[in-house]
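*Asks:* Here it is, the structure, as structure tokens.
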Amino acid sequence: MTDLFFYLTQPFAQHALLAAVIVAVICGIIGPFVIMRSMAFAVHGTSELAFTGASAGLLVGNNPLAGALVGTLLFASIIGTLGVRERERDSAIGVILAFGLGVGVLLLSFYHGFASEATNILFGNIFGVSSNQLLFLIVIGVGATIAMLVMYRPLLFASVDPEVAEARGVPMKLVGILFLLILAFAVTEAAQIVGTLLVLSLAITPAAAAQRLSSRPIIVTLLSIAFALIASVGGLLASLASGDIKPSVFITFISFGIYIVVRVVCRLQRQK
Amino acid sequence: MSSPSKPLLSLKDTALQFGERTLWKELNLTVNEGEFIAILGPNGTGKTSLLRGLLGLQQFTEGTVSIRGTLPHRGNSDIGYIPQQKTFDKDLSIRGRDLVKLGLDGHRFGAVRRNKNVMKRVDEAIEEVGATRYADSPIGLLSGGEQQRLRIAQSLLSKPSLLLCDEPLSSLDLKSQQSISTLIDSYRKQFNTTVLFVTHDINPVLDIVDRVLYLVNGKWAIGTPEEILTTASLTQLYGTPVDVLRIRGRIIVVNASDNPGLSGHHHIPAIKVEG
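Quick mapping for you: the protein sequence lines, in order, are chains A and B. Here my numbering is used: the first residue of the first sequence is 1, the next is one more, and so on. Here my numbering is used: the first residue of the second sequence is 1, the next is one more, and so on.
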């Protein structure tokens with residue numbers, strides 16, 4: 001425990017903590033919309049392309065974060081312009097995801113630096129965040145959060161009631177593409193913490209748990225943020241206390257644990 | 001209707017084409033304030049496209065359209081819209097109340113602020129359609145009739161002078177069909193709202209409608225149900241023999257040619273009533 005308090009006075013841990021908070025907030029906000037719009041697969045596809053982008057960034061300029069952002073934004077624009085209908089969209093995502101992963105593996109085979117860099121892309125390395133990267137994370141995190149606040153109502157309208165939303169003048173295509181771009185930013189951020197493979201543990205699981213507790217959109221969003229915060233900050237602290245187990249392990253465990261507890265509680269309540 | 005006839009909507013020589021296919025042309029129509037028009041016709045004749053045109057979501061190929069003196073445009077708050085009842089996911093995290101509120105401010109960008117005036121208007125609208133009891137339940141758990149009541153509250157929040165309904169009764173049981181059409185009718189009388197009502201079955205609204213617009217294969221006819229829904233005029237419109245039967249105050253259209261697309265949809269609901 002004394003180790004933990006010592007760590008918290010260190011800049012590397014403070015940077016990590018701040019990054020964890022930003023990521024949890026943006027993932028918590030987008031989560032309920034990802035579920036409403038049945039976009040879990042799109043999130044997964046985006047994070048796989050973050051892997052491809054990060055591998056390219058690592059190889060070219062030793063900058064996986066910038067690479068991941070380019071990869072996810074590219075993917076979002078392709079999906080946004082290609083598939084409008086849900087079924088088309090999912091098959092297009094599958095096609096690009098599979099190819100993108102192949103490209104990522106190829107790129108990594110050219111990389112002869114530290115072997116740990118590859119696992120960091122897959123499973124996250126929040127303790128390696130430099131002050132420059134942290135600034136970058138803060139800027140896109142705050143930007144994405146503000147964008148979500150501004151388009152909250154039209155996005156909700158377009159997601160739950162598309163026919164009437166369109167009739168009332170909601171620009172459906174614009175809203176859909178903006179959300180994909182915000183998703184790209186959020187996934188890039190989350191990949192820094194939990195890694196490209198485990199993004200769903202912050203982008204879906206907290207929202208899935210929140211959704212079971214309320215049917216009010218605002219409450220669901222707030223709960224989703226709260227659960228994501230507990231998982232990411234809790235996972236980070238647990239990792240510091242444990243010594244050598246990666247934060248992403250604890251984050252996925254805590255986030256899954258919350259989900260299970262919520263399901264059990266809901267079941268018990270219904271039986272009463 | 002008895003209200004002083006002031007035109008609200010006029011279509012002059014309008015045509016709608018999709019590529020080579022002409023849905024209709026030279027459609028002329030003037031609809032007065034407070035009038036209730038049923039739009040009938042087989043599938044694919046452009047009934048929904050007509051509504052989309054008025055909403056500014058679809059360009060008319062030819063002709064001029066005026067709604068209270070303005071051209072059709074997106075996001076016209078003077079138009080209310082009620083779509084078909086649909087299945088919401090049971091675990092969709094949204095209440096009936098939220099759906100109603102989106103009808104008022106859901107198209108607006110900008111941060112959400114708590115607004116007492118908005119809350120009050122939403123409450124009143126929900127109360128007026130008699131949905132207070134279930135307005136706080138998740139929308140996916142409500143019955144079709146309950147959902148459509150909330151839809152009416154949603155569409156009328158902005159006090160539109162034109163209400164477009166696209167098959168709002170389909171997939172409702174007969175009792176709900178009756179209560180929903182009565183509710184829409186009482187609204188148009190209270191606010192002198194003009195209603196365009198796309199339906200595949202005239203019977204639930206037969207006592208309410210002022211005129212019928214019948215679209216068939218690029219041709220159209222407009223008039224009172226007594227004028228349009230007759231063997232002679234529908235035979236002329238379809239260009240094939242059509243029989244119109246009146247049984248116990250209900251109308252059944254039977255197409256003599258064995259085309260299921262033209263006949264089936266009219267007599268099936270009527271048979272249910274008699275059963």
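For each residue, glycine too, the CB sits at the ideal point set by N, CA and C. From a predicted model like this one, the values you see are computed outputs, not experimental measurements.
Taking the alpha carbon of Lys-173 (chain A) as the reference point, which residue from A:Ala-56, A:Ala-50, A:Ser-77, A:Phe-5 has its own alpha carbon closest?
*Replies:* A:Ser-77
*Asks:* On the DSSP bridge assignment, give the partners of Pro-7 (chain B) in chain order.
*Replies:* Pro-7 (chain B) is bridged to B:Asn-32.
*Asks:* On the three-state DSSP scale, how would you describe Val-112 (chain B)?
*Replies:* coil
*Asks:* Using the three-state DSSP reduction, which class does Lys-47 (chain B) fall into: helix, strand or coil?
*Replies:* Three-state DSSP puts Lys-47 (chain B) in a helix.
*Asks:* Using C-beta distances below 6 angstroms, list every residue in its chain close to Ser-170 (chain B), excluding the 5 sequence neighbours before and after it, in chain order.
*Replies:* Gln-84
*Asks:* Classify Gly-261 (chain B) as helix, strand or coil using the three-state DSSP reduction.
*Replies:* Confidence at Gly-261 (chain B) is low in this model, with a pLDDT of 46, below 50, so the placement of that residue should be treated as unreliable; the coordinate-derived value is given next. Helix.
*Asks:* Between Gln-211 (chain A) and chain B, is there a C-beta pair that is closer than 8 angstroms?
*Replies:* yes
*Asks:* Hey, how far is the Cα of Ile-268 (chain B) from the Cα of Arg-248 (chain B)?
*Replies:* Caution is warranted here: a pLDDT of 39 is assigned to Ile-268 (chain B), below 50, making its placement in the model unreliable, and the coordinate value is therefore given only provisionally. When rounded, the distance between both Cα atoms is 15 angstroms.
*Asks:* Ile-121 (chain A): which of A:Gly-195, A:Pro-247, A:Leu-108, A:Leu-178 sits nearest, CA to CA?
*Replies:* A:Gly-195
*Asks:* Measure the Cβ-Cβ separation of Pro-7 (chain B) and Asn-28 (chain B) and say whether it is below 8 angstroms.
*Replies:* no
*Asks:* Starting from Ser-215 (chain A), follow the alpha helix (DSSP H) in both directions and report where the run begins and ends.
*Replies:* Where Ser-215 (chain A) is concerned, there is no enclosing alpha helix (DSSP H), given that its DSSP letter is neither H nor E.
*Asks:* Please check if any C-beta of chain B sits within less than 8 angstroms of the C-beta of Pro-217 (chain A).
*Replies:* yes
*Asks:* Which residue marks the beginning of the alpha helix (DSSP H) containing Phe-157 (chain A), and which one marks its end?
*Replies:* 152 to 160
*Asks:* Under a CB-based cut-off of 8 angstroms, is Ala-111 (chain B) close to chain A?
*Replies:* yes
*Asks:* Would the beta-carbon of Val-100 (chain B) fall within 8 angstroms of that of Leu-162 (chain B)?
*Replies:* no
*Asks:* Counting Cβ pairs, one atom from each stretch, are 3 or more of them under 8 angstroms apart for the segment 172 to 180 of chain B and the segment 145 to 160 of chain B?
*Replies:* yes
*Asks:* Is there a Cβ of chain A sitting closer than 8 angstroms to that of His-107 (chain B), yes or no?
*Replies:* yes
*Asks:* Looking at the ligand FMN, does it come within less than 7 angstroms of Leu-49 (chain A), judged from the CB to the closest heavy atom?
*Replies:* Although the ligand FMN was asked about, the structure shown includes no ligands whatsoever.
*Asks:* Between the Cα of Arg-188 (chain B) and the Cα atoms of B:Asp-105, B:Arg-250, B:Ile-79, B:Lys-120, which residue gives the shortest distance?
*Replies:* Answer by Cα proximity: B:Ile-79.
*Asks:* For chain B, check one thing: does any of its Cβ atoms lie closer than 8 angstroms to the Cβ of Leu-268 (chain A)?
*Replies:* No Cβ of chain B is located within less than 8 angstroms of the beta carbon of Leu-268 (chain A).
*Asks:* Suppose contacts are defined by Cβ-Cβ distances below 8 angstroms. Is Ile-139 (chain B) in contact with Arg-95 (chain B) by that definition?
*Replies:* yes
*Asks:* Who are the Cβ neighbours of Ile-225 (chain A) in its own chain at under 8 angstroms, not counting the five residues just before and after it?
*Replies:* Ala-24, Val-25, Gly-28, Ile-29, Pro-206
*Asks:* Can you tell which of A:Met-151, A:Leu-108, A:Gly-143 has the C-alpha that lies nearest to the C-alpha of Asp-105 (chain B)?
*Replies:* A:Met-151
*Asks:* At a CB-CB cut-off below 8 angstroms, which residues of chain B make contact with Met-151 (chain A)?
*Replies:* Phe-109
*Asks:* Against chain B, which members of the segment 158 to 182 of chain A pass a CB distance test of less than 7 angstroms?
*Replies:* From the segment 158 to 182 of chain A, only Val-160, Asp-161, Glu-163, Val-164, Ala-165, Glu-166, Ala-167, Arg-168, Gly-169, Val-170 have a Cβ closer than 7 angstroms to chain B.
*Asks:* DSSP has Cys-165 (chain B) in a bridge; who is on the other side?
*Replies:* B:Ile-82, B:Phe-197
*Asks:* What are the start and end residues of the alpha helix (DSSP H) that includes Tyr-259 (chain A)?
*Replies:* 247 to 271
*Asks:* Which bits of chain B does Val-262 (chain A) rub up against, with CB to CB less than 9 angstroms?
*Replies:* Within chain B, no residue comes near Val-262 (chain A); the closest Cβ sits about 13 angstroms away, beyond 9 angstroms.
*Asks:* Could you check where the beta strand (DSSP E) with Val-170 (chain A) kicks off and where it finishes?
*Replies:* Val-170 (chain A) -> no beta strand (DSSP E), and no H or E assigned at all.
*Asks:* Going by DSSP, name the residue or residues bridged to Asp-243 (chain B).
*Replies:* Bridge partners of Asp-243 (chain B) according to DSSP: B:Val-254.
*Asks:* Measure the beta-carbon distance from Ala-38 (chain B) to Thr-199 (chain B) and round it to whole angstroms, keeping in mind my assumption that it falls under 8 angstroms.
*Replies:* 6 angstroms
*Asks:* Do we get a CB-CB distance below 8 angstroms when we pair Leu-156 (chain A) with the residues of chain B?
*Replies:* yes
*Asks:* Taking the alpha carbon of Leu-69 (chain A) as the reference point, which residue from A:Ser-215, A:Ala-56, A:Ala-50, A:Gln-271 has its own alpha carbon closest?
*Replies:* For the residues A:Ser-215, A:Ala-56, A:Ala-50, A:Gln-271, the minimum Cα distance to Leu-69 (chain A) belongs to A:Ala-50.
*Asks:* With a cut-off of 8 angstroms, does the C-beta of Gly-75 (chain B) fall near any C-beta of chain A?
*Replies:* So, interface residue.
*Asks:* Ser-255 (chain A) and Ser-201 (chain A) look like a contact to me (Cβ under 8 angstroms); what is the Cβ gap, rounded to whole Å?
*Replies:* 5 angstroms
*Asks:* For His-265 (chain B), decide whether its Cβ has a neighbour in chain A, counting only Cβ atoms nearer than 8 angstroms.
*Replies:* The predicted model places His-265 (chain B) with a pLDDT of 44, which falls under 50 and marks its position as unreliable, so this point remains unresolved.
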